[in-house]
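Let me begin by presenting the structure, written as structure tokens, before commenting on it.
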Amino acid sequence: MRKSIFFAFPLILLTLSTMLLSGCNAAKYTMLSQGPAGGVDFRTGNWLLLEIDCPPEVYGALNTAIQTDFKAILGDRLYFPHQIQSATIPKDAKVQMKLTALKQLALGVPTCDYVILCKAVIARDEMGLLNYNSRFQQTQKQNQAHITLECYDLKKQTLLYSKRFTGSSTSTSIHGGERWEFSVQARSLLLKAYEKGIKDLRRTSVR
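Under numbering that gives the first Met the number 0, the first residue of the sequence shown carries the number 0, and numbering increases by one thereafter.
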């Protein structure tokens, strides 16, 4: 009798798991070009990497990744603001920079030829790792994150590269009945979107 219960337990557990965990919300990633379609010529010049603009919960991981990746591309030609003596960084030096801010930045860091910017946003964070979708749910839930990578020529004061990469995970249809589902966390979506962004920049650029 005990053996029968022992062997039946895994089957019962599998059945319950199938009933309760009915789905997994796969992540989707898209790219939006906001500037020139091509890449960047990284072979010459000194490059300034500005402080990344992102949520505090991803700053450590994202900052490490972006510094490591661009250091691998540029080597000793990559600089950070604290390394440049008397550097002046205008407050408006950010993604989708206006020409006035770009001119001020060029004057503030005369030893640099190019600048790299990164902005990350968690747009929606409505689902945990495991979520219950009720039949009374009126709207779909979603996790979504964006990351924008930009490169500017400081000497010519022109935009070289600007693309936004978006990762999203959406709950299934509200008419699909009650179920438990796994979802990709917003933080993970953001970091994966960055991976796709740096991959595109490498692929389209000259190094």
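Don't be surprised by glycine CBs; every beta carbon is placed ideally from N, CA and C.
Remember, it's a predicted structure, so these values are computed and weren't measured experimentally.
Worksheet item: If you count every other CB in all the chains shown that lies within 10 Å of the CB of His145, and 16 or more means buried, which is it?
Response: Indexing the sequence shown from 1 puts residue 145 at position 146. Counting other Cβ atoms within 10 Å of its Cβ, His145 reaches 16 or more and is therefore classed as buried.
Worksheet item: Do Thr147 and Lys118 have their C-beta atoms within less than 8 Å of each other?
Response: Residue numbering aside, residue 147 sits at position 148 when the sequence shown is read from its first letter. Residue numbering aside, residue 118 sits at position 119 when the sequence shown is read from its first letter. Contact check for Thr147 against Lys118 passes: the beta carbons are separated by less than 8 Å.
Practice prompt. Can you give me the Cβ contacts of Val120 inside the same chain, cut-off strictly under 6 Å, excluding the 5 residues immediately before and after it?
Written response: Here residue 120 refers to the residue found at position 121 when the sequence shown is read from its first residue. Scanning its chain for C-beta atoms nearer than 6 Å, with the 5 sequence neighbours on each side dropped, one finds around Val120 the residues His145, in chain order.
Worksheet item: What's the gap between the Cα of Leu20 and the Cα of Ser167?
Response: For the purposes of this step, residue 20 is taken as residue 21 along the sequence shown, with counting starting at 1. For the purposes of this step, residue 167 is taken as residue 168 along the sequence shown, with counting starting at 1. Only weak support is given to the placement of Leu20: the predicted model assigns it a pLDDT of 47, under 50, and the question is left unresolved by the model.
Item to complete: May I ask you to report which of helix, strand or coil DSSP gives Val120?
Response: Locating residue 120 in the sequence shown gives position 121, counting from the first residue. If DSSP states are grouped into helix, strand and coil, Val120 belongs with the strands.
Worksheet item: Mind pulling the beta strand (DSSP E) runs of 3 or more residues that sit fully within the segment 33-65?
Response: Runs of the beta strand (DSSP E) lying entirely within the segment 33-65 and spanning at least 3 residues, in chain order: 46-48.
Item to complete: Let me know if Val114 comes out buried or exposed under the rule of 16 or more other beta-carbons within 10 Å of its beta-carbon.
Response: Within the sequence shown, residue 114 is the residue found at index 115, counting from 1. Val114 comes out buried.
Worksheet item: For Pro35 versus Leu116, is the C-beta spacing smaller than 8 Å?
Response: Within the sequence shown, the letter at position 36 stands for residue 35. Within the sequence shown, the letter at position 117 stands for residue 116. In this structure, Leu116 does not lie closer than 8 Å to Pro35 by Cβ.
Fill in: Arg76 versus Ile88: straight-line alpha-carbon distance, rounded
As a position in the sequence shown, residue 76 is number 77, starting the count at 1. As a position in the sequence shown, residue 88 is number 89, starting the count at 1. One alpha carbon belongs to Arg76, the other to Ile88, and they sit about 19 Å apart.
Worksheet entry | Nearest to Val108 (by Cα), restricted to the options Arg123, His81, Leu73, Asn62 | On the sequence shown, position 109 is the one that residue 108 refers to. It is His81.
Worksheet item: By Cβ distance, which residues of its chain are closer than 7 Å to Phe79, with the 5 residues on each side in sequence left out?
Response: The sequence position of residue 79 within the sequence shown is 80, counting from 1. Answer for Phe79: Leu48, listed in chain order.
Worksheet item: Cα-Cα, which of Ser187, Lys154, Lys198 is closest to Ala26?
Response: Along the sequence shown, one-based indexing puts residue 26 at 27. The closest CA to that of Ala26, considering only Ser187, Lys154, Lys198, is found on Ser187.
Fill in: Buried or exposed by the 16-neighbour rule on C-beta atoms within 10 Å, applied to Gly196
Sequence index remark: in the sequence shown, residue 196 carries index 197 (1-based). Per the 10 Å Cβ criterion, buried.
Worksheet item: Would Thr169 pass as a contact of Gly38 if the rule is Cβ separation under 8 Å?
Response: Looking up residue 169 in the sequence shown gives position 170. Looking up residue 38 in the sequence shown gives position 39. Result no, Cβ atoms of Thr169 and Gly38 do not sit closer than 8 Å.
Worksheet entry | For Glu180, the nearest candidate out of Cys150, Met126, Lys97, Met30 (CA to CA) | Along the sequence shown, read from residue 1 onward, the residue named residue 180 stands at position 181. A check of alpha carbon separations from Glu180 across Cys150, Met126, Lys97, Met30 identifies Met126 as the nearest.
Discussion item. Rounded to whole angstroms, what is the Cα-Cα separation between Ile65 and Arg201?
Written reply: Within the sequence shown, residue 65 is the residue found at index 66, counting from 1. Within the sequence shown, residue 201 is the residue found at index 202, counting from 1. CA-to-CA, the gap between Ile65 and Arg201 works out to about 13 Å.
Discussion item. Taking its Cβ as the centre, do 16 or more other Cβ atoms sit within 10 Å of Thr165, making it buried, or is it exposed?
Written reply: To locate residue 165, count along the sequence shown from 1; it is residue 166. It is buried - the Cβ of Thr165 has at least 16 other Cβ atoms within 10 Å.
Worksheet item: Under the rule that 16 or more other beta-carbon atoms within 10 Å means buried, what is Ala185, buried or exposed?
Response: Against the sequence shown, residue 185 aligns to sequence position 186. Burial call: buried.
Practice prompt. With a 10 Å radius around its C-beta and 16 neighbouring C-beta atoms as the bar for buried, classify Lys155 as buried or exposed.
Written response: Translated into the one-based positions of the sequence shown, residue 155 becomes position 156. Exposed, since its Cβ has fewer than 16 Cβ neighbours within 10 Å.
Practice prompt. Can you say whether Gln84 is buried or exposed, counting buried as having 16 or more other CB atoms within 10 angstroms of its CB?
Written response: On the sequence shown, position 85 is the one that residue 84 refers to. In the assembly as shown, Gln84 is an exposed residue. Its beta-carbon has fewer than 16 other beta-carbons within 10 Å.
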